[in-house]
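Be aware that the sequence shown starts at 332, since it is given in my numbering, and climbs by one per residue. Ideal Cβ placement from N, Cα and C applies to all residues, glycine included. Quick caveat, the model's predicted, so the values are computed rather than measured. Below you'll find the structure, written out as structure tokens, and then a few comments.
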Amino acid sequence: MSDSDAPASSTQMNNRVFWVVAILLVLGLIWVFVTRDSEQEANEQAVGEATYQIAEGKAFSLEQVAEVPQATRMVFTPNRETLLVSSLTGEVHAFQRTDEGLTKQATPFVSLSETIPGFPPEESGLTSVVLGVDFEQSGDVFLLYQAREGEGDEAPFKNRIARVTFATTESGDVVGENLTQIFEANVDGQPSHQIQGGVGVLVRNEPHLLFNIGEGFEGERAQNALEEAGKVLLIQRDGSEPLGIRPWRQSPVVQAVGLRNAYAIAQNPYDPEGRFLIGDTGTSANDRLLYAKVHDSTGLRHDPLNLAWDGSEESLLASVVDGKSAGTPEVVLHRWDPTETATDIAFYPGGVAGLPVSDETESLAVLTMFGKTGQTGELPGRTVQLARLSHEAGQQPAVTFETLVERSGRGRDEVGHPVALAVDSETGDIYFSDIMEGRIYKVSPTN
332 MSDSDAPASS
342 TQMNNRVFWV
352 VAILLVLGLI
362 WVFVTRDSEQ
372 EANEQAVGEA
382 TYQIAEGKAF
392 SLEQVAEVPQ
402 ATRMVFTPNR
412 ETLLVSSLTG
422 EVHAFQRTDE
432 GLTKQATPFV
442 SLSETIPGFP
452 PEESGLTSVV
462 LGVDFEQSGD
472 VFLLYQAREG
482 EGDEAPFKNR
492 IARVTFATTE
502 SGDVVGENLT
512 QIFEANVDGQ
522 PSHQIQGGVG
532 VLVRNEPHLL
542 FNIGEGFEGE
552 RAQNALEEAG
562 KVLLIQRDGS
572 EPLGIRPWRQ
582 SPVVQAVGLR
592 NAYAIAQNPY
602 DPEGRFLIGD
612 TGTSANDRLL
622 YAKVHDSTGL
632 RHDPLNLAWD
642 GSEESLLASV
652 VDGKSAGTPE
662 VVLHRWDPTE
672 TATDIAFYPG
682 GVAGLPVSDE
692 TESLAVLTMF
702 GKTGQTGELP
712 GRTVQLARLS
722 HEAGQQPAVT
732 FETLVERSGR
742 GRDEVGHPVA
752 LAVDSETGDI
762 YFSDIMEGRI
772 YKVSPTN
């Protein structure tokens, strides 16, 4: 090889190396992009496969709209501009209506510092957020919760209620001001059988709060009117005793005894008698749907209402009569066997998706059915049910159910439990939360 050939051979070798490296780089980039796109497609497919679906034949659509850990209750303000969502861990989150829909506020509406971590390990904490019956004048928002009195696992649970005032800051955020504890039950609480749902009501034209406290472990306490557990209770907005004559004069706050574990309570706005629908959970069977005039707004009727629970399975099968309602009807409209656990109830206006309009003789309600804790597969529960409730004056009320939302194929194999409900009365949209998934879903009528 001559001296003049040497540089040429070196150049050729360098060119070959360059092209080999270039080809390898191109192949590598192609592999990276293909892999990334495949992973992204797989992730999008996994996210897009919802754990809930609309039941066959129902003219509704479903979408996930937000994430809130351990959401326990949801309520719209009367102007529909704000949705408040309570979390078991002690926060109330606010969603404000914008052109893009409901947008979660960056900071909580209010936070409780004394509650406990939530579920798991315990089912105790902030279980409800309730608007005062005169919210548009007073701004009252009530927080129903259970907390430990002191530190450590041996500290007793206490069922409490706090009140805050709804306010708007200069930045447009909504906040709960003037946090004040107004109630503590006179007996220790039990985890999971605790203070739960509530409703703002008027008594003699003054604002009151009606609410449930369960008692599933010591059933005999549910029959003792002096112990504030296993009862439907009534207080004024400041926590004082209710106005009017009451069924148990030695314990005026008690409106009904014999409740086991009633997470859900809602007043029927379409019923001229103003009766309440209550979901009371049984043991492993005999959940009950109760419909009764739990309190009298005039404060003049004081017929005692005993919902029968005394710690025995037989008591959950007993007949219960409503002495305050015309015709003294049977209170227990339905029993679920095995247990499904109605965790929230919201009355529905109807008039959409082929449904009738709710009126004074027949109304619609939506119920979330929790199911058995931790269950997967084809077991009962884990649905959103549509109830058709007949309540003509002087007649025996009756109820039928149809499934509106159910777990999807993927969802049946995963843990999930629907809990909170809210209804947009103008659009017919239904919002519900899954406490295990930490998601909020919107169910919208399609016609």
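- If you look at glutamate 467, you'll find it in the alpha helix (DSSP H) that goes 466–469.
- In this model, glutamine 427 and alanine 753 are separated by some 14 Å (Cα to Cα).
- Under the three-state reduction of DSSP output, glycine 547 falls in the coil class, being neither helix nor strand.
- Bounds of the alpha helix (DSSP H) holding glycine 740 are 740–743.
- Burial state of isoleucine 576 is exposed, judged by a 10 Å Cβ sphere holding fewer than 16 other Cβ atoms.
- Distances from the CA of leucine 557 to each of Gly589, Asn536 and Val530 were compared; the closest alpha carbon is that of Gly589.
- Here the alpha carbons of alanine 386 and leucine 735 stand approximately 5 Å from one another.
- Per DSSP, the beta bridge partners of alanine 478 are Lys489.
- In chain order, Arg552, Glu558, Glu559 and Ala560 place their CB closer than 8 Å to the CB of valine 518, counting only its own chain and leaving out the 5 sequence neighbours on each side.
- Beta bridge pairing from DSSP links isoleucine 447 with no other residue.
- Valine 441 and serine 455 have their C-alpha atoms spaced approximately 18 Å apart.
- A distance of 9 Å or more separates the beta carbons of glutamate 445 and alanine 486.
- Beta-bridge analysis with DSSP links histidine 539 to Val532 and Gln567.
- DSSP, read as helix, strand or coil, puts glutamate 644 in coil.
- When DSSP reads this structure, alanine 623 sits in a beta bridge with Phe607.
- 9 Å or more divides the Cβ of histidine 665 from the Cβ of glutamate 693.
- With respect to aspartate 653, threonine 659 sits close: the two C-beta atoms are nearer than 9 Å.
- For valine 774, the enclosing beta strand (DSSP E) stretches over residues 770–776.
- Per the C-alpha coordinates, the member of Ile447, Ile566 and Ile492 positioned closest to glycine 483 is Ile447.
- Excluding five sequence positions before and after valine 505, the CB atoms of its chain that fall closer than 8 Å to its own CB belong to Thr413, Ala425, Gln427, Gln436, Phe440, Phe497, Ala498 and Thr499, given in chain order.
- In its chain, beyond the 5 residues on either side, Ser455, Gln477, Pro487, Phe488, Lys489, Asn490, Ile526, Ile544 and Ala560 have a beta carbon closer than 8 Å to the beta carbon of glycine 520.
- Leucine 695 is bridged by DSSP to Tyr679 and Arg719.
- The straight-line gap separating the alpha-carbon atoms of threonine 777 and threonine 511 is approximately 43 Å.
- By DSSP's assignment, phenylalanine 391 forms a beta bridge with Pro776.
- Per DSSP, the beta-bridge partners of lysine 435 are Phe426.
- Rounded to the nearest angstrom, the Cβ distance from alanine 696 to alanine 729 is 13 Å, too far for a contact under 8 Å.
- In the structure shown, the three-state DSSP call for glutamine 727 is coil.
- Taking a 10 Å sphere around the C-beta of serine 571, we find fewer than 16 other C-beta atoms and assign the residue as exposed.
- Taking C-beta atoms under 8 Å as the contact rule, threonine 403 and serine 459 qualify, at a distance of about 7 Å.
- The beta carbon of glycine 388 sits closer than 7 Å to none of the beta carbons in its chain outside the five residues before and after it.
- The Cβ atoms of glycine 712 and phenylalanine 701 sit closer than 9 Å to each other.
- Nearest to leucine 443 by C-alpha distance, out of Leu433, Gly759, Ser418 and Gln395, is Ser418.
- Judged by DSSP secondary structure, tyrosine 594 falls within the beta strand (DSSP E) whose first and last residues are 593–598.
- Around serine 646, the same chain offers Ala639 and Trp640 as residues with beta carbons nearer than 7 Å, after the five sequence neighbours per side are excluded.
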